[in-house]
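Participant: Below is a structure I'd like to ask you about.
Residue numbers (the working numbering): -10 to 260.
Below, the structure written as structure tokens:
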């Protein structure tokens, strides 16, 4: 677009903001439709799960029972790929006695629809309803886990209640803070501060929370997770993974990482 002399800066900025709004989902969500693998290929026992979001889309997921233990982890994955990209991580959680229910947001994998912020919350609520019923039937504790963008969904759920605990990994305060770091345009961070706003919700958490972050994360800086931790109510804990980036926390953290998650879960009340 060519802007002539005399066009007010405010009008130009408004035009840019409207354009940013229309492209926002494209900058945030990076879904992949094709499932790269299945739990069966990993030798894992599993059940296909389909739930329906309040506004209609059917969402696909997997329930994977651990051979022992009394924890069901509702796994909210990040903004890229789909549930099949989390199988290595899930296999290691199962060995710790943590059963997992993982689902794809709308537009990801086999799930219907197209992704959006509002859709993210509705999808998480639908998955939580299934997980809560399953945990209650088994007499287990339900823990919501969110990695990166999934941390926003997990905070949303934990603030609504209905879970024994929450684990937030490699996540952030709000979209404005991310924009300030990666897209430092005038007024853009302020405009986005209420989008994907975990900082504004985390004070309402109704359960213990563990925050986990890699010290060398160059996508979501470590300081943002510390800020989120400071705003969270007690009881809360923080696990720093030295040398870890954004996507490799469980790999760099190794067994100490999984032991910490297992101990956190087992310290929570059963349903």
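We put the beta carbon where it would ideally sit given N, CA and C, even for glycine. Values in this document were obtained by computation on a predicted structure and should not be read as measured data.
Could you tell me the distance, in whole angstroms, from the CA atom of residue 28 to the CA atom of residue 49?
Facilitator: Here residue 28 refers to the residue found at position 39 when the chain shown is read from its first residue. Here residue 49 refers to the residue found at position 60 when the chain shown is read from its first residue. Residue 28 and residue 49: Cα-Cα distance of roughly 14 Å.
Participant: Mark residue 204 as exposed unless 16 or more other C-beta atoms lie within 10 angstroms of its C-beta, in which case mark it buried.
Facilitator: Position 215 of the chain shown, counting from 1, holds the residue named residue 204. It counts as exposed.
Participant: Whole angstroms are fine: how far does the CA of residue 171 sit from the CA of residue 1?
Facilitator: Residue numbering aside, residue 1 sits at position 12 when the chain shown is read from its first letter. Residue numbering aside, residue 171 sits at position 182 when the chain shown is read from its first letter. At residue 1, the pLDDT of 40 sits below 50, so the modelled position is not reliable; the number obtained from the coordinates is stated separately. Their backbone Cα atoms lie some 21 Å apart in a straight line.
Participant: Below 8 Å on the Cβ atoms is my guess for residue 136 versus residue 66; work out the distance and round it to an integer in Å.
Facilitator: Within the chain shown, numbered from 1, the residue matching residue 136 stands at position 147. Within the chain shown, numbered from 1, the residue matching residue 66 stands at position 77. Confirmed, about 6 Å.
Participant: Roughly how many angstroms separate the alpha carbons of residue 180 and residue 189, rounded to a whole number?
Facilitator: Here residue 180 refers to the residue found at position 191 when the chain shown is read from its first residue. Here residue 189 refers to the residue found at position 200 when the chain shown is read from its first residue. Cα-Cα distance, rounded: 15 Å.
Participant: Return the residue from the list 155, 215, 118 that minimises the CA-CA distance to residue 196.
Facilitator: On the chain shown, residue 196 is found 207 positions in, with the first residue counted as 1. Ranking the options by Cα distance to residue 196, first place goes to 155.
Participant: Going by DSSP, name the residue or residues bridged to residue 129.
Facilitator: Locating residue 129 in the chain shown gives position 140, counting from the first residue. Paired residues: none, contrary to the question.
Participant: Using only alpha-carbon positions, find the residue among 78, 99, 184, 97 that is nearest to residue 89.
Facilitator: Along the chain shown, one-based indexing puts residue 89 at 100. Ranking the options by Cα distance to residue 89, first place goes to 78.
Participant: Inspect the beta-carbon positions of residue 132 and residue 153 and report whether they are closer than 7 Å.
Facilitator: On the chain shown, residue 132 is found 143 positions in, with the first residue counted as 1. On the chain shown, residue 153 is found 164 positions in, with the first residue counted as 1. The answer is yes: Cβ separation under 7 Å.
Participant: Given a cut-off of 7 Å, decide if residue 228 and residue 209 are closer than it, judged by their beta-carbon atoms.
Facilitator: Reading the chain shown from its first residue, position 220 is the one you call residue 209. Reading the chain shown from its first residue, position 239 is the one you call residue 228. In this structure, residue 228 does not lie closer than 7 Å to residue 209 by Cβ.
Participant: From residue 219 to residue 186, what does the alpha carbon distance come to, in whole angstroms?
Facilitator: On the chain shown, residue 219 is found 230 positions in, with the first residue counted as 1. On the chain shown, residue 186 is found 197 positions in, with the first residue counted as 1. Rounded to the nearest angstrom, the two C-alpha atoms are 15 Å apart.
Participant: Comparing the CB of residue 186 with every heavy atom of the ligand MN, is any distance shorter than 6 Å?
Facilitator: As far as ligands go, the structure on display features none, and thus does not contain the ligand MN.
Participant: For residue 130, is the classification buried or exposed, using 16 other Cβ atoms within 10 angstroms of its Cβ as the cut-off for buried?
Facilitator: For this step, residue 130 is matched to residue 141 along the chain shown. It counts as buried.
Participant: Alpha carbon to alpha carbon, how far is residue 18 from residue 105?
Facilitator: On the chain shown, position 29 is the one that residue 18 refers to. On the chain shown, position 116 is the one that residue 105 refers to. Rounded to the nearest angstrom, the two C-alpha atoms are 8 Å apart.
Participant: Looking only at C-alpha atoms, which of 68, 121, 119, 117 sits nearest to residue 96?
Facilitator: Counting from 1 along the chain shown, the entry for residue 96 is found at position 107. Comparing Cα-Cα distances from residue 96 to each of 68, 121, 119, 117, the minimum goes to 68.
Participant: Would you decide whether residue -2 is buried or exposed? Buried here means 16 or more other CB atoms lie within 10 Å of its CB.
Facilitator: Translated into positions along the chain shown, residue -2 becomes position 9. Any answer about residue -2 is weak, because its pLDDT of 43 lies below 50 and its placement is not dependable; what the coordinates show is given next. Its Cβ having fewer than 16 others within 10 Å, residue -2 is exposed.
Participant: With 16 as the cutoff for other CB atoms within 10 Å, does residue -7 come out buried or exposed?
Facilitator: By one-based count along the chain shown, residue -7 stands at place 4. Below a pLDDT of 50, predicted positions are generally treated as unreliable, and residue -7, at 33, falls in that range; the measurement from the model is reported next regardless. Exposed, by the Cβ-count rule.
Participant: What three-state label does DSSP hand residue 21 in the structure shown?
Facilitator: Taking the chain shown and counting its residues from 1, one reaches residue 21 at position 32. Three-state DSSP puts residue 21 in coil, outside helix and strand.
Participant: Using DSSP with H/G/I as helix, E/B as strand and the rest coil, what is residue 218?
Facilitator: Sequence index remark: in the chain shown, residue 218 carries index 229 (1-based). It is helical.
Participant: Mind checking whether residue 194 and residue 147 have CB atoms under 7 Å apart?
Facilitator: Counting from 1 along the chain shown, the entry for residue 194 is found at position 205. Counting from 1 along the chain shown, the entry for residue 147 is found at position 158. Yes; because the gap between Cβ atoms is below 7 Å, this pair is in contact.
Participant: Report yes if the CB atom of residue 247 is closer than 7 Å to the CB atom of residue 127, and no otherwise.
Facilitator: Reading the chain shown from its first residue, position 258 is the one you call residue 247. Reading the chain shown from its first residue, position 138 is the one you call residue 127. No, these two residues do not count as a Cβ contact at 7 Å.
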